[in-house]
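Number of protein chains: 2
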Amino acid sequence: MPIFAHVCNLHNMQAKPTIKDIAKALNIHHATVSRALRGDSRISEETRKKVMDYATSIGYVVDQNALNFRNKTINNIAVIVPNISHNIFSSFISLITDLANKEGLTVSVFQSKEQFDIEAKVIKTIVRQRVGGVIASISNETRNGKHFEELREFGIPLVFFDRVCEDLNTSKVLVDNFEGTMQAVGYLIEKGYRRIAHVTGQQAINVFRERHQGYLKGIELAGLTYKESIVIEKDFEIADGEKAMLALLNKDEKPDAIFSDSFVLSAGVIKQCRQSGIQLPDELAMMTITNDPYSSLLVPSQTVLEQPLEELATSAFELLMKAMNEASNQPGIEIRHHAFRLIERESVK
Amino acid sequence: MPIFAHVCNLHNMQAKPTIKDIAKALNIHHATVSRALRGDSRISEETRKKVMDYATSIGYVVDQNALNFRNKTINNIAVIVPNISHNIFSSFISLITDLANKEGLTVSVFQSKEQFDIEAKVIKTIVRQRVGGVIASISNETRNGKHFEELREFGIPLVFFDRVCEDLNTSKVLVDNFEGTMQAVGYLIEKGYRRIAHVTGQQAINVFRERHQGYLKGIELAGLTYKESIVIEKDFEIADGEKAMLALLNKDEKPDAIFSDSFVLSAGVIKQCRQSGIQLPDELAMMTITNDPYSSLLVPSQTVLEQPLEELATSAFELLMKAMNEASNQPGIEIRHHAFRLIERESVK
DNA sequence: CTGTTAGCGCTTTCAA
DNA sequence: TTGAAAGCGCTAACAG
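Residue numbers (the working numbering), protein chains in the order written: chain X, 9 to 357; chain Z, 9 to 357.
1. How many Å lie between residue 156 (chain Z) and residue 131 (chain Z) at the Cα?
2. What's the gap between the Cα of residue 301 (chain X) and the Cα of residue 39 (chain X)?
3. Can you give the Cα-Cα distance for residue 176 (chain X) and residue 182 (chain X), rounded to whole angstroms?
4. List the endpoints of the continuous beta strand (DSSP E) containing residue 141 (chain X).
5. Do residue 72 (chain X) and residue 79 (chain X) have their beta-carbon atoms positioned less than 8 Å apart in this structure?
6. For residue 145 (chain X), does the count of other Cβ atoms within 10 angstroms reach 16, so buried, or fall short, so exposed?
7. Of the residues X:65, X:66, X:41, which one's Cα is nearest the Cα of residue 54 (chain X)?
8. Between residue 75 (chain X) and residue 45 (chain X), what straight-line distance do the alpha-carbon atoms span, to the nearest angstrom?
9. So within the segment 286 to 316 of chain X, which uninterrupted beta strand (DSSP E) runs reach at least 3 residues, ignoring any that extend past its ends?
10. Measuring alpha carbon to alpha carbon, tell me which of Z:118, Z:271, Z:321 ends up nearest residue 137 (chain Z).
11. Enumerate, from N- to C-terminal direction, the unbroken alpha helix (DSSP H) stretches of 4 or more residues contained entirely within the segment 82 to 122 of chain X.
12. Is residue 192 (chain X) buried or exposed, if buried means 16 or more other CB atoms sit within 10 Å of its CB?
13. I'd like to know whether the C-beta of residue 269 (chain Z) is nearer than 8 Å to at least one C-beta of chain X.
14. Can you give me the C-alpha to C-alpha distance between residue 142 (chain X) and residue 120 (chain X), rounded to a whole angstrom?
15. Can you find a CB in chain Z that lies within less than 8 Å of the CB of residue 27 (chain X)?
16. Answer yes or no: do residue 288 (chain Z) and residue 179 (chain Z) have a C-beta to C-beta separation smaller than 8 Å?
17. Answer with buried or exposed for residue 299 (chain Z), where buried requires no fewer than 16 other C-beta atoms within 10 angstroms of its C-beta.
18. Contact criterion: CB-CB distance below 8 Å. Does residue 242 (chain Z) meet it with respect to chain X?
19. Which partner residues does residue 267 (chain Z) have in the DSSP bridge list?
20. Compare the beta carbon distance of residue 273 (chain Z) and residue 240 (chain Z) with 8 Å and say whether it is the shorter of the two.
21. With distance defined between alpha-carbon atoms, name the residue in X:93, X:197, X:304 nearest to residue 231 (chain X).
22. Considering only residues of the segment 186 to 253 of chain X, which uninterrupted alpha helix (DSSP H) runs meet the minimum length of 4 residues and lie entirely inside it, listed in chain order?
23. Ordered along the chain, which non-local residues of its own chain (more than five positions away) have a Cβ less than 6 Å from that of residue 195 (chain Z)?
24. What is the DSSP secondary structure of residue 155 (chain X), reduced to helix, strand or coil?
25. Using a 10 Å radius around the Cβ and a threshold of 16 neighbouring Cβ atoms, would you call residue 283 (chain Z) buried or exposed?
26. Output the distance between the C-alpha atoms of residue 348 (chain Z) and residue 47 (chain X), rounded to the nearest integer angstrom.
27. Grab the span of the alpha helix (DSSP H) containing residue 27 (chain X) for me, first residue to last.
28. Taking all protein chains shown into account, decide if residue 343 (chain X) is buried (16 or more other Cβ within 10 angstroms of its Cβ) or exposed.
29. Could you have a look at residue 349 (chain Z) and say whether DSSP puts it in helix, strand or coil?
30. For residue 92 (chain X), return the contacting residues in chain Z, with the cut-off set at a CB-CB distance below 7 Å.
31. Beta carbon of residue 279 (chain Z): closer than 7 Å to some heavy atom of the ligand PLP?
32. So who's on the other strand from residue 179 (chain Z), going by DSSP bridges?
33. Check whether chain X comes within 8 Å of residue 160 (chain Z), counting only Cβ atoms and requiring the distance to be less than that.
34. Three or more beta-carbon pairs under 8 Å between the segment 235 to 255 of chain X and the segment 260 to 270 of chain Z, yes or no?
35. Going along the chain, which residues of the segment 190 to 204 of chain Z sit with their C-beta nearer than 8 Å to a C-beta in chain X?
36. Roughly how many angstroms separate the alpha carbons of residue 249 (chain Z) and residue 102 (chain Z), rounded to a whole number?
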């Protein structure tokens, strides 16, 4: 239960000047003030200047809430991610914020903490807020998109990125997980590795399933037999990477390369290798999805498949703007795919 | 110039049910509906149930915008940070988001990108939005808090954290930079280091100035003479850390320990050391402010002064709530200090 | 060029 | 226990 009031009470604050205050002071009608302020061409230059000057002098600032309310317009969007503090999501939010602000939109952030219940609650909040649009990446626990339907009912456009609800007919921004992983596995094989293991996530989530399928395809294409994978079910922590590596080391046949679906997991793998005395990259090669700012600082520096975050954010924002500027009866669904970029470093020899 | 419309046009979307729709369908007055929905005790149980059931059946959701507008209340807060994607800030935002959502408040995020002009623009946007309150950490370029004054004029409470405007009489949440750094330098001296250099930021910003003063005090207390510092003026990048280290190596007397004000800078220092063949930690000890999730993964793992982020976020949020629930004529300013926590790892022997 | 009027969705007096 | 009326700040249609 909230320990503070739900909302900020502004009743006893000094009154902020409104167009009516300006109108009264200048002996004109507040509609005229409104028009002058918005630069309506029919207003005389004289009146316009008078209004502008007075408005500035008393520190008038338009009330965006009243404006939105009156016009049935909304100037903010919501971003829902599993975890705001994870670099990939905070970088994404940073990019979206810049794009949105440039368009006069503000950005509200929400996180599901990888929990379905929180995600559902967040959506309810967003509907109440009547935001203009939503960009979302789903939680690990999410199995279908029913809870997102309410957005559509309220005409709130929705764009998914990266982790998506496949059962929902909305715009989506995706990375070519299957292709990328398959090629990455091919790259490792080309470099001479033969026992490649895959550390991945929930197979119910599109990104991890596609990557695993890409991994299997890559192995199959090369006619190899070794395939081992460790699936981390919950949120990725460093400890999960350690455990995954330990599990792989305890198998009869040990891997000579790891393909990891996350920087955090790779960090754990490295940690475990240090503890187990495995020499990197000599005894074990590593390849990771996502180019974290610190991928190049690990020892050995990590060869990665970089997600083109800027492209993802730009696409997601463009698709959302498209949806927001369209009538709700013209869906205008679009699905965009972006390719990974291979960055070669020391973790693969 | 924006390439999209500034706002989302909802005119041609299906109408969302309002209390009037419910009233009409049930042949009662919309005021009654309003009361029933909010559980007003004067409404008969029969009417209440009828209204509730019908509201649910047609998917009625209160319009928070209209509510805020009508009640002159606001249920969202803004957070301004230099850069959303920097771990310390995204972690902070993550914590604030959780606290705020628990109170029924949403969080809008803004970033200054370390630029004064953007910071000033962001504040104007926030005033227009009439948010309920603001939590901010200032940009490297900010020299005074004049541009924040408008918030006060509009009765919008403001709480600073970490990097603050010292000329502004607002609530602030601070870390004991002077004390912490002084003690950290003492710790290094105790470990036998005698030539400790400081890699820091803009001395106009409270945190960096206080840390540098703490550094100097620590040196002075031990009666040492070596003091070298490199000041990074702009946003911290890995390259800045590299350059700083290079500069220190080119001095006549080389340091035997580095005290770095940022994880990113430390990352650069390590990189440069590798390039210059400096053995860490044997030839050079390192100590860093901020316990990044990856501090322990660097080689050598980094001994750090951890900022108690959770405490900072909790304090900042509490102070903001306090300010939001008070009349604007009762300032209720409070300044809270939090201590660093020393985490010993391998970078100091 | 400017004033009048009405109303967005909701709550809150004041009556009944 | 419910209805009627007013109004938050702003804009837009209509009139002049």
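Just so you know, even glycine gets a beta-carbon here, dropped at the ideal spot from N, CA and C. Everything numeric in this text was worked out from a predicted model, so none of it was measured.
Once the coordinates are examined:
1. 7 Å
2. 53 Å
3. 14 Å
4. 141 to 144
5. no
6. buried
7. X:41
8. 13 Å
9. 293 to 297, 311 to 314
10. Z:118
11. 95 to 110
12. buried
13. no
14. 14 Å
15. no
16. no
17. buried
18. no
19. Z:206, Z:295
20. yes
21. X:197
22. 214 to 229
23. none
24. helix
25. exposed
26. 53 Å
27. 27 to 34
28. exposed
29. strand
30. 98, 101, 102, 105
31. The ligand content of the structure shown is nil, which means the ligand PLP is not present either.
32. Z:167
33. no
34. no
35. none
36. 27 Å
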